[in-house]
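Everything on this sheet refers to the single structure shown next.
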Amino acid sequence: MSEKVLRIVPLGGLGEIGKNMMSIEYGNNILIVDTGIMFPENDMLGIDYIIPDFQYLLDKRDLIRAIIVTHGHEDHTGAISHVLQQINVPIYATPLTRGLLEVKLARGRLLHSAQLNTIQAGETLRIGPFTVEFFHVCHSIPDGVGLGITTPAGLIVHSGDYKFDHTPVDNWPTDYAKLGEFAGRGVLALLADSTNADKPGWTPSERVIDAAFDAAFQGAPGRIIVATFASLISRMEQAARAAQKVQRKMAFVGTSMTENARMARKLGYLDLPDDLIVPLDQALRMPDSKIVLMSTGSQGEPSSILGRLSTGQNRQFDLQSGDTVILSSHPIPGNEETVYRTINRLFKRGANVIYEPIAPVHVSGHASQEEMKLLMHLVKPKFFIPIHGELRHLKQHASLAQEVGIPSENIAVVENGQMIEFHDGELALGERVPGGYVFVDGSGVGDVDHRVMREREMLSRDGVVLVNLMLDRQTGYLLGDPEVISRGFIYEQDAGEVLAATVMHIINSLEGHNGNLQKELEQSVKTFLYNETGRRPYVFVTLTHA
Ligand SMILES: [Zn+2]
Ligand SMILES: [Zn+2]
Numbered sequence: 314m315s316e317k318v319l320r321i322v323p324l325g326g327l328g329e330i331g332k333n334m335m336s337i338e339y340g341n342n343i344l345i346v347d348t349g350i351m352f353p354e355n356d357m358l359g360i361d362y363i364i365p366d367f368q369y370l371l372d373k374r375d376l377i378r379a380i381i382v383t384h385g386h387e388d389h390t391g392a393i394s395h396v397l398q399q400i401n402v403p404i405y406a407t408p409l410t411r412g413l414l415e416v417k418l419a420r421g422r423l424l425h426s427a428q429l430n431t432i433q434a435g436e437t438l439r440i441g442p443f444t445v446e447f448f449h450v451c452h453s454i455p456d457g458v459g460l461g462i463t464t465p466a467g468l469i470v471h472s473g474d475y476k477f478d479h480t481p482v483d484n485w486p487t488d489y490a491k492l493g494e495f496a497g498r499g500v501l502a503l504l505a506d507s508t509n510a511d512k513p514g515w516t517p518s519e520r521v522i523d524a525a526f527d528a529a530f531q532g533a534p535g536r537i538i539v540a541t542f543a544s545l546i547s548r549m550e551q552a553a554r555a556a557q558k559v560q561r562k563m564a565f566v567g568t569s570m571t572e573n574a575r576m577a578r579k580l581g582y583l584d585l586p587d588d589l590i591v592p593l594d595q596a597l598r599m600p601d602s603k604i605v606l607m608s609t610g611s612q613g614e615p616s617s618i619l620g621r622l623s624t625g626q627n628r629q630f631d632l633q634s635g636d637t638v639i640l641s642s643h644p645i646p647g648n649e650e651t652v653y654r655t656i657n658r659l660f661k662r663g664a665n666v667i668y669e670p671i672a673p674v675h676v677s678g679h680a681s682q683e684e685m686k687l688l689m690h691l692v693k694p695k696f697f698i699p700i701h702g703e704l705r706h707l708k709q710h711a712s713l714a715q716e717v718g719i720p721s722e723n724i725a726v727v728e729n730g731q732m733i734e735f736h737d738g739e740l741a742l743g744e745r746v747p748g749g750y751v752f753v754d755g756s757g758v759g760d761v762d763h764r765v766m767r768e769r770e771m772l773s774r775d776g777v778v779l780v781n782l783m784l785d786r787q788t789g790y791l792l793g794d795p796e797v798i799s800r801g802f803i804y805e806q807d808a809g810e811v812l813a814a815t816v817m818h819i820i821n822s823l824e825g826h827n828g829n830l831q832k833e834l835e836q837s838v839k840t841f842l843y844n845e846t847g848r849r850p851y852v853f854v855t856l857t858h859a
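Heads up, the sequence shown is in my numbering, so the first residue is 314 and it goes up one at a time.
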């Protein structure tokens with residue numbers, strides 16, 4: 314690494330929503346900011362989650378000084394165990410973020426070896442040539458921070474995930490004064506959250522939910538079930554306040570929700586009167602009009618409490634008519650279909666479902682366009698780099714930057730893996746490093762690649778055709794007719810004809826063949842079936858020698 318060059322290397326979160334990870338480098342020193350995961354899209358079958366490809370950092374392991382985690386959301390924390398297994402350096406996080414990291418590290422049996430350090434918003438930390446100032450930002454989880462990183466090449470401001478909420482539930486607004494102070498010192502580059510760059514105006518304050526909750530709670534005849542993210546601590550507090558107003562008790566359902574609530578209360582981020590909270594089994598014995606259940610599953614995940622309630626498969630309790638279900642979250646892009654299917658099922662089972670846009674029971678935790686412009690005016694950066702967003706969000710954010718007067722040549726829209734370098738106060742694009750997907754499924758990390766994904770997609774769409782040939786060990790001649798079986802490929806009444814034709818096709822293609830019989834047959838049967846049916850099943854040929 315040459316001296317006097319500051320490098321910013323986005324490894325995740327630029328060109329996509331999720332798996333945020335970034336490397337900031339100067340001389341022989343590297344800081345990692347965030348280690349997030351991304352949830353799979355509908356066509357990524359069998360994938361549990363996706364982590365950033367941080368292969369690039371493994372060659373530079375000795376230079377890495379620290380991992381800084383901006384807040385407790387999965388897209389910033391979820392890959393911590395995967396990263397720590399390879400790169401065990403000190404981790405810095407605020408108390409709540411640290412608590413949420415500890416839960417993950419304990420699950421991965423890494424808690425004892427992890428070097429966790431607590432920092433508070435407002436504190437300053439020196440790490441090698443970097444001076445990191447943590448400043449508070451409002452978001453949809455408490456205790457989030459942005460970073461002011463002073464390097465020998467200049468001051469970099471990283472927004473984290475933020476919004477400008479003047480009346481947040483925890484009464485702790487974004488640290489505007491600090492942002493202004495950075496501007497006074499001169500900011501080389503601003504890296505800012507682009508998630509809502511296509512939303513005009515201002516993101517509403519979390520307070521607007523209070524009124525929507527009050528209205529829904531007052532009108533509810535039976536039980537109230539509020540579904541949201543397990544990390545949405547402020548939403549738990551808002552539901553609790555609404556419950557108190559209508560003399561109901563509240564119970565947490567599910568492990569992640571219960572664990573997060575317990576930790577947030579212990580650390581002082583969730584203020585709930587003791588007599589308001591009851592255990593679930595007690596709540597279920599109380600009159601329906603006296604309880605509020607707080608659960609996960611707002612994304613319609615089939616294995617979540619709400620997912621199981623929607624299909625009548627929840628163990629502890631079932632949905633009943635008179636129940637009011639409030640979905641207090643937005644579908645994550647890609648989840649819309651699942652969420653709406655779950656809402657339909659909940660209605661079908663007799664519940665009244667309240668969701669956005671029926672009532673404002675959720676607001677975003679991310680800044681909209683006017684807040685983005687205000688951030689730029691507060692920080693006054695020389696260069697602007699949009700982060701956290703799909704390419705369309707990054708591009709929109711770049712246009713906003715131009716609108717407020719940042720010249721287009723000082724704006725760098727880049728995607729994962731594109732290094733950005735600062736030499737003598739000027740920005741240049743550096744080399745490209747891998748910045749793709751590493752899939753994690755039940756069997757492990759990185760065992761599944763795009764080829765496997767394509768095979769799974771083919772299987773799910775057009776089914777599978779299995780061919781078995783019995784061959785004479787000596788002569789190689791076919792013994793009996795080929796056996797052809799299909800699953801998920803074709804209607805039963807059409808199957809006989811197509812499969813019989815396939816058998817004939819195989820027998821004919823065996824004549825005069827040479828080379829790899831198995832591979833050739835798979836290819837030719839695939840082509841044959843496509844010509845016959847217009848579908849492309851997954852074809853698998855086995856040869857048995859007798
Ligand atoms: Zn976040
Ligand atoms: Zn995020």
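Glycine included, C-beta positions come from ideal geometry on N, C-alpha and C.
Just jot down, in chain order, the residues whose CB lies closer than 5 Å to any heavy atom of ligand 1. His-386 and Asp-474
Considering only C-alpha positions, which residue in the set Ala-419, Gly-441, Val-458 and Val-852 is nearest to Thr-861? Residue coverage of the chain in this structure runs from 314 to 859, which leaves residue 861 outside it and unanswerable.
What do you get for Gly-349, buried or exposed, if any count of 16 or more other CB atoms within 10 angstroms of its CB means buried? buried
Within its chain, find whatever has a CB closer than 8 Å to the CB of Asn-627; leave out the 5 residues flanking it on each side and keep chain order. Once the five neighbours on either side are set aside, the close Cβ partners of Asn-627 are Ile-618 and Arg-621.
Proximity winner among Phe-752, Pro-720, Leu-842 and Leu-812, relative to Leu-740 (alpha-carbon distances): Closest option to Leu-740, Cα to Cα, is Pro-720.
Report yes if the C-beta distance between Phe-735 and Gly-461 is below 9 Å; otherwise report no. No, the Cβ-Cβ distance between Phe-735 and Gly-461 is not below 9 Å.
Quick one: what does DSSP say Thr-815 is sitting in, helix, strand or coil? helix
Among residues of its own chain, excluding the 5 on either side of Leu-545, which ones have a beta-carbon nearer than 8 Å to its beta-carbon? Ser-453, Ile-454, Ser-641 and Ser-642
Could you spell out the range, first to last residue, of the alpha helix (DSSP H) harbouring Met-410? For the record, residue 410 in the displayed sequence is Thr; it is not Met. Start and end: 408-420.
Is Gln-557 near Pro-586, with beta carbons less than 9 Å apart? yes
If we require 3 or more residues per run, which beta strand (DSSP E) segments fall completely within the stretch 534-582? 537-540 and 562-565
Tell me whether Ala-502 sits in a helix, a strand or coil according to DSSP, three-state version. strand
Rounded to the nearest angstrom, what separates Asn-342 and Leu-438 at their Cα positions? 15 Å
Contact test: Asn-333 Cβ vs ligand 2 heavy atom, cutoff 8 Å: In terms of side-chain proximity, the C-beta atom of Asn-333 is found nearer than 8 Å to a non-hydrogen atom of ligand 2.
Give the single residue among Thr-815, Phe-802, Glu-805 and Gln-806 whose Cα lies nearest to the Cα of Leu-782. Thr-815
The stretch 704-722 / the stretch 636-656 touching (three or more Cβ pairs under 8 Å): Verdict: no, contact absent.
Which same chain residues, not among the five before or five after Leu-423, have their C-beta less than 6 Å away from its C-beta? Ser-394 and Leu-397
For Phe-696 versus Ala-502, is the C-beta distance shorter than 9 Å? yes
Which same chain residues, not among the five before or five after Lys-317, have their C-beta less than 6 Å away from its C-beta? none
Thinking C-alpha only, which one of Asp-388, Ile-522 and Gly-473 is nearest His-675? The candidate whose alpha carbon is nearest that of His-675 is Ile-522.
Would Gly-610 pass as a contact of Ala-540 if the rule is Cβ separation under 9 Å? Less than 9 Å separates the beta-carbon of Gly-610 from that of Ala-540.
Nearest-angstrom Cα distance between Met-314 and Glu-338? No answer about Met-314 holds up, because its pLDDT of 47 lies below 50 and its placement is not dependable.
Measure from the alpha carbon of Asp-762 to the alpha carbon of each residue in Arg-774, Phe-477 and Gly-749, then state which is nearest. Gly-749
Three-pair Cβ contact test at 8 Å for the stretch 662-672 versus the stretch 690-706: no
With a 10 Å radius around its C-beta and 16 neighbouring C-beta atoms as the bar for buried, classify Val-758 as buried or exposed. exposed
Below 7 Å CB to CB, which residues in the same chain sit around Met-570 once its five sequence neighbours on both sides are set aside? Ala-543, Met-607, Ser-608 and Thr-609
In the DSSP assignment, find the alpha helix (DSSP H) that holds Lys-512 and state where it starts and stops. If you look at Lys-512, you'll find it isn't in any alpha helix (DSSP H); DSSP assigns it neither H nor E.
Going by DSSP, what residue range makes up the beta strand (DSSP E) through Ser-453? From DSSP, Ser-453 is part of no beta strand (DSSP E); its letter is neither H nor E.
Sheet register partners of Glu-722 (DSSP bridge): Its beta-bridge partners do not exist; DSSP assigns none.
Per DSSP, cross-strand counterpart(s) of Lys-476: Cys-451
Does the distance from the CB of Val-402 to the CB of Ile-364 come in under 9 Å? no
Residue nearest to Asp-807 in terms of C-alpha spacing, selected from Gln-831, Val-777, Gly-325 and Thr-846: Thr-846
Which of the three DSSP states, helix, strand or coil, is assigned to Thr-444? strand
Closer than 8 Å to a non-hydrogen atom of ligand 2 - does that hold for the CB of Thr-508? yes
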